[in-house]
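Beneath this line is the structure, given in structure tokens, with notes to follow.
Protein chains in written order, with the working numbering: chain A, -13 to 67; chain B, 2 to 370.
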């Protein structure tokens, strides 16, 4: 699995892309290729989200990060546009 | 807490709101109540007033929407995104949308509408998401019980950064300086009414809130929840199936939904009183007959809530109709089919079937003494 992922469940990868595009989109949307190969943009978005939720800031899509992404929430971005 | 970039906020302190589209998963009344309480969570912490509009444009337009609903933030069906709101501003600013695909609830089985509404109204007032997990403005859903809800500190700091606090630098006095001694055995009430699942007892500048079967009764200042009434309420009653309450002072009355006032005061002549009536002593809505009885001096009137007219061949004498109730009627309320008349330090339990008083207790016993 690419370095950026601690897991390779495709469904979670799509969940993560949708989540980051929705709530951390102030620097543009992600390509699915970035989700697979990783990118600076992806890693920085993940770090921003992990920091906001008080998670360990790894820039990697780990279980605790994905579990937050699956929680029902408000549709407003966390990084205000 | 976080504010939005540029810290947009409303320049006025009284904001209008309108529920333009309801959801199919809750009754209108439940939605109205959840919205009223969601707004009140913020007006309790900052000098804000919310007035409900029933037509036209309002500052905060509220609606339940499905999928793509035209604001380029489409909803995603059950779970996932629950709702969103826009920062203060013209047009879309302040508007609040709920995903109609969710299972909305007034309890905890499904998504509690009060919880989500209170969060979204934080955005509509200018707050972004908070990274404090205990804050209402934290992004993910966490059930909050509406009764007894108090805004977490982080949110209070955020909203007061934008709008100041209710009184300069001090917590609002929930119990005014001259709080009448609740357990004075001569205590009498100015007015008594139901409001949702509570009973409210008014005296001078204080009111007590009692939930049906709970002992925890605490006094509050009328000014803190009914700023327009301030003190000395003459009478009050609730038409529960309409979720509407009426508060009377002198020749004026106010209509509220929950604790939210609907518009400006009106004159009691609206009910069809003769011109010489400039004040009423007590009022009580009778659920079975859908009539409201108004007590004025030694007489009482009957108002038909369904047809919204004062009934003919009134006023009638209180003594003739309600034998056993002694003295001037200060307040009245119907509970479980009985009418309770409060006259000075006594409360009379009147059985309408027996047409007689079946019990007399101290008025103060109703607030836990």
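Beta carbons are placed, not taken as given, at the ideal position from N, Cα and C, and that holds for glycine.
With its beta carbon at least 7 Å from every one in chain B, residue 24 of chain A lies outside the interface. Contact between the segment 315 to 322 of chain B and the segment 157 to 168 of chain B is absent: fewer than three C-beta pairs spanning the two stretches fall below 8 Å. Annotated three-state conformation of residue 87 of chain B is coil, per DSSP.
For residue 357 of chain B, the pairing in a beta bridge is given by DSSP as B:352. At least one CB of chain A lies nearer than 7 Å to the CB of residue 142 of chain B. Fully enclosed alpha helix (DSSP H) runs of no fewer than 4 residues occupy 223 to 226 of the segment 203 to 245 of chain B, in order along the chain. Residue 28 of chain A and residue 18 of chain B have their C-alpha atoms some 40 Å from each other. Residue 132 of chain B has a beta carbon lying within less than 7 Å of a beta carbon in chain A. Annotation: residue 357 of chain B to residue 342 of chain B spans about 12 Å, alpha carbon to alpha carbon.
No residue range can be given for residue 278 of chain B, since it is assigned to no alpha helix (DSSP H) and is classified by DSSP as neither H nor E.
C-alpha of residue 8 of chain A to C-alpha of residue 4 of chain B: approximately 19 Å in a straight line. Per DSSP, reduced to three states, the secondary structure at residue 47 of chain B is coil, with no helix or strand assignment. In this structure, the straight-line span from the alpha carbon of residue 265 of chain B to that of residue 202 of chain B is close to 23 Å. Residue-level contact by beta carbon fails for residue 48 of chain A and chain B, as no gap is shorter than 7 Å.
Following the DSSP letters along the chain, one finds residue 269 of chain B in no beta strand (DSSP E), marked with neither H nor E. Selection B:89, B:254 and B:9 evaluated against residue 271 of chain B yields B:254 as nearest (Cα-Cα). By the rule that beta-carbons nearer than 7 Å mark a contact, residue 83 of chain B touches chain A. The alpha-carbon separation between residue 301 of chain B and residue 248 of chain B amounts to approximately 17 Å. In chain B, no part has a C-beta under 9 Å from the C-beta of residue 45 of chain A; the shortest such distance is about 18 Å.
Chain-order list of chain A residues neighbouring residue 124 of chain B: 60 and 62, by C-beta distance under 8 Å. The alpha carbon of residue 367 of chain B has as its nearest neighbour, out of B:157, B:189, B:79 and B:49, the alpha carbon of B:189. Residues of the segment 301 to 325 of chain B with a C-beta atom less than 7 Å from some C-beta of chain A do not occur.
Check the Cα spacing between residue 129 of chain B and each of B:252, B:262 and B:95: the tightest is with B:95.
Boundaries of the beta strand (DSSP E) around residue 305 of chain B: 300 to 305. DSSP lists B:53 and B:61 as the beta-bridge partner residues of residue 18 of chain B. When the alpha-carbon of residue 61 of chain B is set against those of B:122, B:187, B:330 and B:27, the nearest one is in B:122.
Below 8 Å, too few C-beta pairs join the segment 22 to 36 of chain A and the segment 97 to 105 of chain B to call them touching: fewer than three.
The straight-line gap separating the alpha-carbon atoms of residue -5 of chain A and residue 3 of chain A is approximately 13 Å. By the criterion of a C-beta distance shorter than 6 Å, residue 237 of chain B is surrounded in its chain by 192, 194 and 248, once the five residues flanking it on both sides are discounted. By the criterion of at least three beta-carbon pairs nearer than 8 Å, the segment 63 to 75 of chain B is not in contact with the segment 143 to 155 of chain B. If you draw a straight line from the Cα of residue 87 of chain B to the Cα of residue 124 of chain B, it comes to about 6 Å. DSSP lists B:66 as the bridge partner or partners of residue 100 of chain B. Taking a 10 Å sphere around the C-beta of residue 34 of chain B, we find 16 or more other C-beta atoms and assign the residue as buried.
Under the three-state reduction of DSSP output, residue 117 of chain B falls in the helix class. For residue 286 of chain B, the enclosing beta strand (DSSP E) has its first and last residue at 283 to 287.
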